[in-house]
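For the protein sequence lines, the chains are D and Z, in the order given. The first sequence begins at 2 in the working numbering and counts up by one. The second sequence begins at 354 in the working numbering and counts up by one. The beta-carbon is built from N, C-alpha and C at its ideal position, and this holds for glycine as well. A short worksheet on the structure shown next.
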Amino acid sequence: MKTLNIAFRNIFRNSRRSLMTILAIGVSAVAIHLFGGYVAQVIYGMQTDFVRDNGHLHIYQKGFFDFGAGNPVAYGISRYLELIQMITHDPQLKDHVLIATPIIKLFGIAGNFQKDVSKTFFGIGYVPSEFKKMWQWNDYNMPSRASRKNRVALSDSDIEGGIIGEGMARMLLLCDQLNIKNCVDEIPEKTIAPIDETEDFNYLAEPSASNTNLEKIDQRPKLDLLAATAGGAPNIVSLYVNNAEIQAVKAMDDSYVAMNVSLAQRLLYGKGEKKTTGIIVQLKHTKDIPWVKARLKQLFAENKLDLEIKDYTQIVPMYRQTISFLFAVFSFIAAIMGMIVLFTIINTMTMNVMERVNEIGTIRALGLRRSGILWQFIAEGFVLGILGATFGSIASVIIAMGINASGISYIPPNYVDPVPLTIVIFQNPFLMPVCWTIFVLLSVGSSIFPARKAGKMVIVDALRHV
Amino acid sequence: MNKNESVVRLTNVTKTYFMGKVEVEALRGITIQIPVKRFNVIIGPSGSGKTTLLNLLGCIDFPSSGQMEVCGQEVARMNDKQASDFRAENIGFIFQNFNLVPVLSAYENVEYPLLLMKKPAAERKQLTLKMLDAVGLSKHQNHRPNELSGGQRQRVAIARALVKGPKLVLADEPTANLDSKTGKSIIDLMYAMQSENHTTFIFSSHDKQVMEYSEKVFEIRDGLLVKEKEN
Chain D
2 MKTLNIAFRN
12 IFRNSRRSLM
22 TILAIGVSAV
32 AIHLFGGYVA
42 QVIYGMQTDF
52 VRDNGHLHIY
62 QKGFFDFGAG
72 NPVAYGISRY
82 LELIQMITHD
92 PQLKDHVLIA
102 TPIIKLFGIA
112 GNFQKDVSKT
122 FFGIGYVPSE
132 FKKMWQWNDY
142 NMPSRASRKN
152 RVALSDSDIE
162 GGIIGEGMAR
172 MLLLCDQLNI
182 KNCVDEIPEK
192 TIAPIDETED
202 FNYLAEPSAS
212 NTNLEKIDQR
222 PKLDLLAATA
232 GGAPNIVSLY
242 VNNAEIQAVK
252 AMDDSYVAMN
262 VSLAQRLLYG
272 KGEKKTTGII
282 VQLKHTKDIP
292 WVKARLKQLF
302 AENKLDLEIK
312 DYTQIVPMYR
322 QTISFLFAVF
332 SFIAAIMGMI
342 VLFTIINTMT
352 MNVMERVNEI
362 GTIRALGLRR
372 SGILWQFIAE
382 GFVLGILGAT
392 FGSIASVIIA
402 MGINASGISY
412 IPPNYVDPVP
422 LTIVIFQNPF
432 LMPVCWTIFV
442 LLSVGSSIFP
452 ARKAGKMVIV
462 DALRHV
Chain Z
354 MNKNESVVRL
364 TNVTKTYFMG
374 KVEVEALRGI
384 TIQIPVKRFN
394 VIIGPSGSGK
404 TTLLNLLGCI
414 DFPSSGQMEV
424 CGQEVARMND
434 KQASDFRAEN
444 IGFIFQNFNL
454 VPVLSAYENV
464 EYPLLLMKKP
474 AAERKQLTLK
484 MLDAVGLSKH
494 QNHRPNELSG
504 GQRQRVAIAR
514 ALVKGPKLVL
524 ADEPTANLDS
534 KTGKSIIDLM
544 YAMQSENHTT
554 FIFSSHDKQV
564 MEYSEKVFEI
574 RDGLLVKEKE
584 N
């Protein structure tokens with residue numbers, strides 16, 4: 002205790018130098034905390050968005066993940082409602098699972114035959130009310146994004162309604178009808194001779210009585226979606242576009258079609274058994290993934306179901322890649338800050354030793370061992386580290402609060418709408434304590450070299466020093 | 354130890370060191386016995402080896418050859434840890450430049466050697482206050498060295514040297530940085546303290562006042578003991 006007391010007094014002998022050292026440690030701590038808080042925000046924000054859109058787990062027929070994109074019909078899950086019932090009513094799972102809902106992924110051709118244009122599409126079919134519930138997931142209390150709150154959702158009752166990408170709308174000449182900003186319908190000059198009417202698949206879309214009625218009353222733009230059914234025959238359904246939503250990736254924006262799951266089933270399975278290509282499971286907490294995955298595997302084995310489970314990091318590989326990238330940048334910044342602290346403290350402590358040579362000689366003559374001198378200077382590094390790291394922590398919290406309150410937003414890669422810039426220092430309970438400890442240890446480590454130098458001084462030489 | 358015994362016995366001690374590449378023979382086979390519980394002075398011109406001898410006696414330096422016994426212990430072959438513990442237990446130092454620890458108050462400076470000896474807090478407090486009172490600095494116990502005069506600082510240094518009850522107190526020209534009046538008061542104080550505590554004092558000094566007080570004078574010249582005189 003006396004050693005720490007003396008250390009505290011010694012570091013304020015040259016208060017300007019010590020304050021600069023504390024400032025250097027503090028600024029380094031602020032840089033690490035703020036960047037760490039930003040990284041945490043990106044990670045938790047990304048996770049929140051992925052989990053809202055894709056859930057935590059996807060259940061597929063075995064092989065779908067690797068081969069299903071080419072032939073979704075072949076990998077349909079039969080009696081999926083029973084499977085969902087089994088998951089949501091399992092006594093061990095029900096407290097962990099929020100939603101289990103079907104999802105269909107499919108490919109085909111979308112045509113706007115009023116304008117004589119068509120394009121390949123990537124479609125997803127889902128239960129709108131359950132997706133809306135999935136968007137409520139916010140385990141990390143991330144700030145809500147205005148665009149998400151205002152998102153035009155499909156409804157369960159509007160079976161033929163749909164949402165398409167803005168690029169898709171542009172190519173299908175729906176900009177004017179959907180009132181898309183900065184988008185004008187430009188009818189391309191035909192370079193290819195028009196296809197014979199009899200060869201156009203439009204003839205397949207024989208309007209049913211109900212469709213004819215809908216066309217009469219529904220003012221929404223209509224698309225005809227063509228896909229191959231389970232039997233291999235082409236099938237067409239009509240989709241009425243509610244809205245166009247820009248997608249983050251251009252290729253996706255140019256081909257995105259979201260629809261009610263029952264419409265997707267009608268397109269993919271025709272009049273046959275209605276299946277789904279996957280089941281999304283959203284959990285209450287991300288940390289439950291391993292446990293829930295294990296339980297699901299057990300359930301599938303017990304019921305002899307040939308299914309596979311993928312978590313959101315496997316479904317969206319970009320998540321892991323982004324985390325790896327951010328950790329690399331964070332480590333780089335932390336290493337630079339660490340080096341700055343290291344050299345600052347070595348310099349300060351070396352100066353402290355050089356200024357106190359005579360004093361070192363005196364207290365050694367009085368009977369203090371070499372180890373005593375060593376500990377005295379290490380204690381000074383320790384106190385400097387504590388003061389600097391504590392100052393840095395407090396400053397980080399104040400600056401982070403200021404940034405969070407400022408309302409600054411930005412558009413991250415693969416996003417289409419602004420995300421509030423927030424520094425989530427407290428979301429990761431380890432960030433501040435670990436940084437604080439590392440800075441203190443770094444300060445202690447940096448002072449060992451000068452302390453050893455002080456401890457090894459020859460007493461008579463030290464006493465002679467002027 | 355009775356008054357006829359020696360606190361220090363040096364037999365044919367040499368000390369050689371290097372100043373750059375030049376070898377300097379500071380002590381050239383000195384043999385000396387310094388009596389216990391006395392006021393002893395080592396005199397000699399600059400460069401004669403007085404400070405080197407005091408450094409050896411204080412176990413802050415070690416001889417190149419010869420035998421050396423301080424306070425009944427062979428010290429020439431002690432390692433650093435043993436020498437540190439030995440100094441903490443047995444030897445008090447009074448320096449020419451006072452050498453107080455600037456961040457410690459007068460009280461804490463005096464208490465410091467007791468901390469090194471791991472004395473209990475209550476005992477430390479009692480001994481420190483008693484010693485500060487003895488040197489007349491009770492009222493200045495909370496002052497830092499830079500708030501004290503030269504004489505007061507040397508009084509603190511004397512209290513620091515004596516507080517642990519050492520067998521041997523070494524003082525390297527303790528009055529050199531003081532005016533003659535203050536110097537005399539310091540010598541008076543040391544003499545009184547020596548009489549009261551029955552400690553062995555060894556000075557190196559040019560100061561005639563110090564020599565007047567001394568009971569035994571050792572004169573060193575060119576690294577050899579040339580004269581030994583009882584006062």
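- [ ] For D:Met402, count neighbouring Cβ atoms within 10 angstroms of its own Cβ and tell me buried if that reaches 16, exposed if not.
- [x] Locating residue 402 of chain D in the first sequence gives position 401, counting from the first residue. The residue in question, D:Met402, is exposed, as its Cβ has fewer than 16 Cβ neighbours within 10 Å.
Task: Euclidean distance between Cα positions of D:Asp186 and D:Ile316 - done: One-based indexing of the first sequence puts residue 186 of chain D at position 185. One-based indexing of the first sequence puts residue 316 of chain D at position 315. Straight-line Cα distance between these residues: approximately 35 angstroms.
- [ ] Taking 7 angstroms as the cut-off, decide whether the C-beta atoms of D:Val342 and D:Ile387 are in contact.
- [x] Taking the first residue of the first sequence as 1, we reach residue 342 of chain D at position 341. Taking the first residue of the first sequence as 1, we reach residue 387 of chain D at position 386. The answer is no: Cβ separation not under 7 angstroms.
Open item on the list: So, for D:Ile110: in the same chain, excluding its five sequence neighbours on each side, which residues have a beta-carbon less than 6 angstroms away from its beta-carbon?
Closed with: Here residue 110 of chain D corresponds to residue number 109 of the first sequence, with the count starting at 1. These residues qualify, in order along the chain: Ser119, Thr121, Leu227.
- [ ] With DSSP collapsed to three states, give me the class of Z:Asp525.
- [x] Translated into positions along the second sequence, residue 525 of chain Z becomes position 172. Three-state result, Z:Asp525: strand.
TODO: Determine which residues share a DSSP beta bridge with D:His59 and list them.
DONE: As a working note, residue 59 of chain D is residue 58 in the first sequence. Looking at the DSSP assignment, D:His59 forms a beta bridge with D:Ile281, D:Lys311.
- [ ] Within its chain, find whatever has a CB closer than 8 angstroms to the CB of D:Ile347; leave out the 5 residues flanking it on each side and keep chain order.
- [x] Stepping through the first sequence from its first residue, residue 347 of chain D is reached at position 346. Excluding positions up to five away in sequence, the list reads Ser447, Ser448, Phe450, Pro451.
- [ ] Indicate whether at least one CB of chain D lies closer than 7 angstroms to the CB of Z:Leu469.
- [x] Counting from one through the second sequence, the residue named residue 469 of chain Z turns up at place 116. Yes, contact with chain D.
Task: Beta carbon of Z:Leu469 nearer than 7 angstroms to that of Z:Pro498 - done: As a first step, residue 469 of chain Z must be located in the second sequence, where it is residue number 116. As a first step, residue 498 of chain Z must be located in the second sequence, where it is residue number 145. Contact check for Z:Leu469 against Z:Pro498 fails: the beta carbons are separated by 7 angstroms or more.
- [ ] In angstroms with no decimal places, state the Cα-to-Cα distance between Z:Thr553 and Z:Leu407.
- [x] One-based indexing of the second sequence puts residue 553 of chain Z at position 200. One-based indexing of the second sequence puts residue 407 of chain Z at position 54. Using only the alpha carbons, I get a separation of about 13 angstroms.
Task: Contact check, Z:Gly445 vs Z:Pro519, beta carbons under 7 angstroms - done: On the second sequence, residue 445 of chain Z is found 92 positions in, with the first residue counted as 1. On the second sequence, residue 519 of chain Z is found 166 positions in, with the first residue counted as 1. Yes; because the gap between Cβ atoms is below 7 angstroms, this pair is in contact.
Open item on the list: Could you tell me the alpha carbon to alpha carbon distance between D:Phe427 and D:Glu83, rounded to whole angstroms?
Closed with: Taking the first sequence and counting its residues from 1, the one referred to as residue 427 of chain D is at position 426. Taking the first sequence and counting its residues from 1, the one referred to as residue 83 of chain D is at position 82. Each residue's Cα considered, the two are about 42 angstroms apart.
Task: Nonlocal neighbours in the same chain, by C-beta distance under 8 angstroms from D:Val293, ignoring five residues either side - done: As a first step, residue 293 of chain D must be located in the first sequence, where it is residue number 292. The beta carbon of D:Val293 sits closer than 8 angstroms to the beta carbons of His57, Leu58, Leu94, His97, Val98, Val282, Leu284 from its chain, once the five residues preceding and following it are set aside; these are given in chain order.
Task: Residue range of the unbroken beta strand (DSSP E) whose run includes Z:Phe446 - done: As a position in the second sequence, residue 446 of chain Z is number 93, starting the count at 1. Under the DSSP assignment, Z:Phe446 falls in the beta strand (DSSP E) whose first and last residues are 444 to 447.
Task: Close Cβ partners of D:Trp138 (< 8 angstroms) along its chain, the five nearest in sequence each way excluded - done: Position 137 of the first sequence holds residue 138 of chain D. Within the same chain, D:Trp138 has close Cβ partners Thr49, Val52, Arg53, Leu99, Gln283.
TODO: Can you give me the Cβ contacts of D:Val467 inside the same chain, cut-off strictly under 7 angstroms, excluding the 5 residues immediately before and after it?
DONE: Here the question's residue 467 of chain D lines up with position 466 in the first sequence. Contacts found: none.
- [ ] Please say whether D:Asp255 and D:Gly124 have beta carbons closer to each other than 7 angstroms?
- [x] Within the first sequence, numbered from 1, the residue matching residue 124 of chain D stands at position 123. Within the first sequence, numbered from 1, the residue matching residue 255 of chain D stands at position 254. Not a contact, by the Cβ cut-off of 7 angstroms.
- [ ] Please go through the same chain and pick out, in chain order, the residues whose beta-carbon is closer than 7 angstroms to the beta-carbon of D:Arg425, but skip the five residues on each side of it.
- [x] Residue mapping note: residue 425 of chain D aligns to position 424 of the first sequence, counting from 1. Here the sequence assigns Val to residue 425 of chain D, which means Arg is not the residue at that position. Correct list, in chain order: Gly38, Ala41, Gln42, Tyr45.
Task: Interface residues of chain D facing Z:Ile413 [CB-CB closer than 7 angstroms] - done: Position 60 of the second sequence holds residue 413 of chain Z. Those are Ala366, Ile460, Val461, listed as they occur along chain D.
TODO: State the DSSP-derived secondary structure class of Z:Met431, mapped to helix, strand or coil.
DONE: For this step, residue 431 of chain Z is matched to residue 78 along the second sequence. Coil.
Open item on the list: Can you pull the chain Z neighbours of D:Glu360, defined as C-beta to C-beta under 8 angstroms?
Closed with: Against the first sequence, residue 360 of chain D aligns to sequence position 359. Those within 8 angstroms of D:Glu360 in chain Z are Asn452, Val454, Pro455.
- [ ] List the residues of chain Z that D:Thr22 touches, going by C-beta distances under 8 angstroms, in chain order.
- [x] Position 21 of the first sequence, counting from 1, holds the residue named residue 22 of chain D. Those within 8 angstroms of D:Thr22 in chain Z number zero; the least Cβ separation is about 17 angstroms.
TODO: Identify each residue in the segment 368 to 398 of chain D for which the Cβ-Cβ distance to at least one residue of chain Z is less than 7 angstroms, and report them in chain order.
DONE: Gly368, Leu369, Arg370, Arg371
- [ ] Grab the span of the beta strand (DSSP E) containing Z:Tyr592 for me, first residue to last.
- [x] There is simply no residue 592 of chain Z to check, as chain Z begins at 354 and stops at 584 in what is shown.
Open item on the list: Does the CB of D:Ile12 have a neighbour CB from chain Z at under 7 angstroms?
Closed with: If you number the first sequence from 1, residue 12 of chain D lands on position 11. So no, D:Ile12 is outside the interface.
Task: When D:Ala101, D:Asn244, D:Phe114, D:Tyr141 are compared against D:Ala170, the one with the closest alpha-carbon - done: As a position in the first sequence, residue 170 of chain D is number 169, starting the count at 1. Of D:Ala101, D:Asn244, D:Phe114, D:Tyr141, the residue nearest in Cα terms is D:Asn244.
Open item on the list: Residues of chain Z with CB closer than 7 angstroms to the CB of D:Gly454, please, in chain order.
Closed with: Position 453 of the first sequence holds residue 454 of chain D. What sits at residue 454 of chain D in the sequence shown is Lys, not Gly. Within 7 angstroms Cβ-Cβ: nothing; D:Lys454 doesn't reach chain Z, min ~15 angstroms.
Task: Cβ pair D:Arg357, D:Gly456 closer than 7 angstroms - done: The residue given as residue 357 of chain D occupies position 356 in the first sequence. The residue given as residue 456 of chain D occupies position 455 in the first sequence. In this structure, D:Gly456 does not lie closer than 7 angstroms to D:Arg357 by Cβ.
Open item on the list: Is the separation between the beta-carbon of D:Val262 and that of D:Val128 shorter than 7 angstroms?
Closed with: Taking the first sequence and counting its residues from 1, one reaches residue 262 of chain D at position 261. Taking the first sequence and counting its residues from 1, one reaches residue 128 of chain D at position 127. Less than 7 angstroms divides the Cβ of D:Val262 from the Cβ of D:Val128.
- [ ] Rounded to whole angstroms, what's the CA-CA distance from D:Glu207 to D:Ile237? Just pull it up for me.
- [x] Translated into the one-based positions of the first sequence, residue 207 of chain D becomes position 206. Translated into the one-based positions of the first sequence, residue 237 of chain D becomes position 236. The pLDDT assigned to D:Glu207 is 45, lower than 50, so where the model puts this residue is not dependable, and the model offers no usable value.
- [ ] Reducing DSSP to helix, strand and coil, say where D:Phe114 ends up.
- [x] Taking the first sequence and counting its residues from 1, the one referred to as residue 114 of chain D is at position 113. DSSP places D:Phe114 in coil when its eight states are reduced to three.
Task: Z:Gly425 in three-state terms, based on DSSP - done: Position 72 of the second sequence, counted from the start, is the residue given in the question as residue 425 of chain Z. DSSP places Z:Gly425 in coil when its eight states are reduced to three.
Open item on the list: Cutting at 6 angstroms between CB atoms, please list the residues of its own chain near D:Ser29, excluding the five before and the five after it.
Closed with: For this step, residue 29 of chain D is matched to residue 28 along the first sequence. For D:Ser29, where only same-chain residues beyond five positions count, the Cβ hits under 6 angstroms are Met338, Ile341, Val342.
Task: Distance CB(Z:Gln507)-CB(Z:Ile540) smaller than 7 angstroms - done: Here residue 507 of chain Z refers to the residue found at position 154 when the second sequence is read from its first residue. Here residue 540 of chain Z refers to the residue found at position 187 when the second sequence is read from its first residue. No, Cβ-Cβ distance for Z:Gln507 and Z:Ile540 is not below 7 angstroms.
- [ ] Specify whether the segment 432 to 452 of chain Z and the segment 373 to 387 of chain Z touch according to this definition: at least 3 beta carbon pairs, one from each stretch, less than 8 angstroms apart.
- [x] no
Task: Amino acids of chain D, ordered along the chain, whose beta-carbon sits closer than 8 angstroms to that of Z:Arg303 - done: What is shown of chain Z runs 354 to 584, which leaves residue 303 of chain Z out entirely.
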